[in-house]
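For reference, the structure is listed below as structure tokens.
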Amino acid sequence: MGNYYDLDDIIADNQKLPCKFNVTVPGLGYLEGNIGQPLDANTKLNLPLWLSSVLAICEVSQDSQTTFLDLIHPEFFNNKVINAIRANAVNIDLHSILPNYYKLCEKWCVMFSDVELIEVVSQMLKERSNEINDYGQNPKQISSMAGNKFLYSLDEFEKRLYKISTESHKLSKEWFHNQD
Amino acid sequence: MALPLQFKTSFLPLEINFLAENELITILPRVSMKSVELIGTNLPNLNAMRRQEIPLWLALILKAQDKCQIIPPIWLNVAYLKARYDEELEFPNRFSSLPWHWLELSKMLLTKASDDLTDAPHLIRSIIQDLREVRLVKSRKGLKELNEAYLQLDNLSLMEINEIRPYVAEVMDELKKLSDCVKKDDSMDMETNDYEEDENY
Amino acid sequence: MDEFNDILNEWVENRTSESGYNIQQAKQDDLTRLMQLVVNERMAPDVLEYEEELLERILARTRLQIEFIEINSLELQLEKDIKLQLMIVELELERVNYLIRTYLRTRLSKIDKFTVYITKNGDMVKRLSPSEVSYMRKHFEILTTLYKKQFLSRLPELLQLLDDTGGGISMIEEPDLDKPVFVKVVKTISHSIDVNNEEVELLQDGIYVLRYSAIRLYIMIGDIKLI
């Protein structure tokens, strides 16, 4: 899908997710600071998505049903966050929850098909993007207190959206007022 | 790169202006001129005082050389535009019907042929500005209905569409990506995996 | 003699053949078509069919214009009328050149982006002009030589591929045919389109934003146009 060389995608893949090991793996102790020791089953660890997603589907051996680890439902998709989004999508500080919220959401839901999460996040996107477009048409507003707070709460995708919106409106406005 | 990034998602206002310059407009030549064979059309013999339809870019050149007078299009006057403005206010859920290139044509004629207009230029300019603003606000409101399936924007002009195009495309694309994530029920084995709920977290 | 030529030219210009075909109209149609091609190519996610005939016709007329300019610029006594005519011809030439160049540049940028995909896809290669195919091949050759010299040769052999599709991830960049595009309906579509389980009716003169894949065929036959 053209994602192979996409830098944002690569950065998002690096996001650490909580996991729980299902089996004891010799020699992996260094992942939790015990060099030379085996990593015991039931150890909880934070591993980047590119690694954890593969280990979560790889079976330990050909006849086993057990995978190396299980992914644990991360904080940023739990009920507390979902309810906060439902309450007020525009005011939520998405950036501090997770800088690449939408991308991670996509990747997580491809694996776990969380329909409720997708619905809530889609609705949030619609509301926040509207706000972004409003600021895009009136860029002076972004320097106000409220505007500033909003700007810093945007995740990476929303920041890009804001830039696209402001640039486009700026170009049109410049053309319109140009008297040559 | 053959094409700068900006060009890949949308047109620049100047490019849209360029497209608008090919629109035909009526002129009243002041002098006679011999015909010229062009690539995109043939410019016929121009006779003084005999109206002729030619592309706008050509009309502006001739006007600059004082060779003709431009006949403004029938919609470029305060009465017509004010009626459209009232329509915008009366029907908040749709856009009034304006020519495809109304912004570009009005701007070019106001700047380069203001003496040929039927009403005072500053009056026309002001109603054009009002029209643009009211439609911009309306489109902002209309975009609240954005979803990943489709959007309908009847009667917007090309320049207005182009302004919101990059933003709309990006949001629709992301919405689509999100909804596609939960639709794939064929190849992904991982779907049936359960994750663990961890109370300690 | 001049007057006679003028009358003759005017007659030739406005001559209508038996089928009602008018040269001036033909030229205008060609130009309109070229503008639509530029718009299409910019807005479509994949590379479209190269319109060889149209480009050839326009390029032929361009060459005539260049000749006209060269012949008439040689005259030492440039009367005012010729000066103005020359300026008009030159200006129009620039405008048409711009359109052709934009058309080609847009195609080249897409070809650059999807080189690997196009090379593996016989159908797509057919849409390119012969010079575009040769450009693509040479460009790719130079690029891969550069990559090899700079770093690829130092990677383990298994990781040296540029078109690896193993491991569930494909290295090949494919055009995103689901990209949303803005369109205007030229002719009402008889049956409604299904997008995402929603039925949409596409009425004449309506302006819609839809996935490219949903209406690609209609664009090809001209019932819908990209804007």
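Protein chains in written order, with full-length UniProt numbering: chain Z, 1 to 180; chain S, 1 to 201; chain G, 1 to 227.
Cβ coordinates follow ideal geometry from the N, Cα and C atoms, glycine included.
| Going along the chain, which residues of its own chain have a beta-carbon closer than 8 Å to the beta-carbon of residue 175 (chain S), five neighbours each way excluded? | Short of 8 Å from the beta carbon of residue 175 (chain S), and not among the five residues preceding or following it, lie these beta carbons of its own chain, in chain order: 146, 147, 148.
| field | Limits of the unbroken beta strand (DSSP E) element including residue 69 (chain S) | value | Where residue 69 (chain S) is concerned, the enclosing beta strand (DSSP E) stretches over 68-71.
| Residues of the segment 141-158 of chain Z whose Cβ lies closer than 7 Å to any Cβ of chain S, in chain order | Listed by position, the residues of the segment 141-158 of chain Z near chain S (Cβ gap below 7 Å) are 157.
| How long is the line joining the alpha carbons of residue 25 (chain G) and residue 173 (chain G), rounded to whole angstroms? | Each residue's alpha carbon lies about 42 Å from the other.
| said: On a Cα-Cα basis, can you pick out the residue from Z:167, Z:155, Z:170, Z:19 that is closest to residue 75 (chain Z)? | reply: For residue 75 (chain Z), the nearest C-alpha among the options comes from Z:19.
| With which residues is residue 211 (chain G) paired in a DSSP beta bridge? | For residue 211 (chain G), which the question treats as bridged, DSSP gives the partners G:180.
| said: Is there a Cβ of chain S sitting closer than 9 Å to that of residue 102 (chain Z), yes or no? | reply: So, interface residue.
| request: Would you list the one or two residues that DSSP bridges to residue 152 (chain S)? | output: Residue 152 (chain S) is bridged to G:208.
| field | Coarse secondary structure for residue 100 (chain Z), derived from DSSP in three states | value | Three-state result, residue 100 (chain Z): coil.
| request: Could you name the residues of chain Z that residue 13 (chain S) contacts, counting a contact when the two beta carbons are closer than 7 Å? | output: For the C-beta of residue 13 (chain S), the chain Z residues within less than 7 Å are, from N- to C-terminus, 171, 172, 175.
| query | Helix, strand or coil: which one does DSSP assign to residue 26 (chain S)? | reply | Strand, per DSSP.
| task | Under 9 Å between beta-carbons, which chain Z residues line up against residue 171 (chain G)? List them in chain order, please. | result | Taking the beta carbon of residue 171 (chain G) as reference, the chain Z residues within 9 Å of it are 4, 5, listed in sequence order.
| task | Find the residues of chain S that neighbour residue 134 (chain Z), judging by a C-beta separation of less than 9 Å, and give them in chain order. | result | The answer, in chain order, is 140.
| field | Inter-residue spacing [alpha-carbon to alpha-carbon] between residue 72 (chain G) and residue 82 (chain G) | value | Rounded to whole angstroms, the gap between the alpha carbons of residue 72 (chain G) and residue 82 (chain G) is 8 Å.
| field | Beta carbon of residue 49 (chain Z) nearer than 9 Å to that of residue 13 (chain Z) | value | The answer is yes: Cβ separation under 9 Å.
| Beta-carbon of residue 18 (chain S) versus every beta-carbon of chain G: anything under 9 Å? | Yes, residue 18 (chain S) counts as interfacial toward chain G.
| Residues bridged to residue 23 (chain Z) (per DSSP) | The bridge partners DSSP lists for residue 23 (chain Z) come to none.
| request: Could you tell me whether any Cβ in chain A is nearer than 9 Å to the Cβ of residue 86 (chain Z)? | output: No chain A appears in the structure shown, which is made up of the protein chains Z, S and G.
| message | Is residue 17 (chain G) close to chain S? Criterion is C-beta to C-beta, closer than 9 Å. | response | Low confidence applies here, because residue 17 (chain G) scores a pLDDT of 44, under 50, leaving its location unreliable; read the following figure in that light. It does not; no Cβ of chain S falls within 9 Å.
| query | Under a three-way DSSP split, which group does residue 71 (chain Z) fall into? | reply | Note: residue 71 (chain Z) maps to strand in three-state DSSP.
| As assigned by DSSP and simplified to three states, the class of residue 55 (chain S) | The answer is strand: DSSP assigns residue 55 (chain S) an E or B state.
| query | Can you tell me the Cα-Cα spacing of residue 150 (chain Z) and residue 68 (chain S), whole angstroms? | reply | Inter-residue distance for residue 150 (chain Z) and residue 68 (chain S) is about 55 Å (C-alpha atoms, whole angstroms).
| query | Counting along the chain, where does the alpha helix (DSSP H) carrying residue 138 (chain G) start and finish? | reply | Residues 130-150.
| field | Cβ shell of residue 119 (chain S) (< 7 Å), same chain only, five flanking positions each side left out | value | Apart from the 5 residues on each side of it in sequence, residue 119 (chain S) sits with its Cβ closer than 7 Å to the Cβ of 77, 78 in its chain, given in chain order.
| query | Can you list, in chain order, the residues of the segment 119-134 of chain Z whose Cβ is nearer than 7 Å to any Cβ on chain S? | reply | Answer in chain order: 121, 122, 125, 126, 129, 130, 133, 134.
| CB contact below 9 Å: residue 219 (chain G) versus chain S | Not one chain S Cβ lies under 9 Å of residue 219 (chain G).
| field | is_contact[residue 179 (chain Z), chain S] using C-beta, thresh 9 Å | value | With a threshold of 9 Å between beta carbons, residue 179 (chain Z) makes contact with chain S.
| task | In the DSSP assignment, find the beta strand (DSSP E) that holds residue 45 (chain Z) and state where it starts and stops. | result | Start and end: 44-48.
| message | Distance check for residue 112 (chain S) and residue 75 (chain S), CA to CA, integer angstroms please. | response | Between residue 75 (chain S) and residue 112 (chain S), the C-alpha separation is close to 17 Å.
| query | In chain S, what lies closer than 8 Å to residue 207 (chain G) by C-beta? | reply | Ordered by position in chain S, the residues that pass the 8 Å Cβ test against residue 207 (chain G) are 152, 153, 154, 155, 156, 161.
| query | Using 8 Å as the threshold, is the segment 26-36 of chain S in touch with the segment 155-175 of chain S, meaning 3 or more CB pairs across them? | reply | No, the segment 26-36 of chain S does not touch the segment 155-175 of chain S.
| request: May I ask you to report which of helix, strand or coil DSSP gives residue 30 (chain G)? | output: Of the three classes helix, strand and coil, the one that applies to residue 30 (chain G) here is helix, per DSSP.
| query | Do the CB positions of residue 96 (chain G) and residue 39 (chain S) come within less than 9 Å of each other? | reply | Contact flag set, yes.
| Which first and last residues belong to the alpha helix (DSSP H) in which residue 193 (chain G) is found? | Segment 193-195 is the beta strand (DSSP E) holding residue 193 (chain G); no alpha helix (DSSP H) there.
| task | Would you list, in chain order, the members of the segment 44-62 of chain S that have their beta-carbon closer than 8 Å to a beta-carbon of chain G? | result | For the segment 44-62 of chain S, the set of residues with a beta-carbon nearer than 8 Å to any beta-carbon of chain G comprises 44, 45, 57, 58, 61, in chain order.
| query | Any idea which residues DSSP pairs residue 224 (chain G) with across the strands? | reply | Its beta-bridge partners are G:185.
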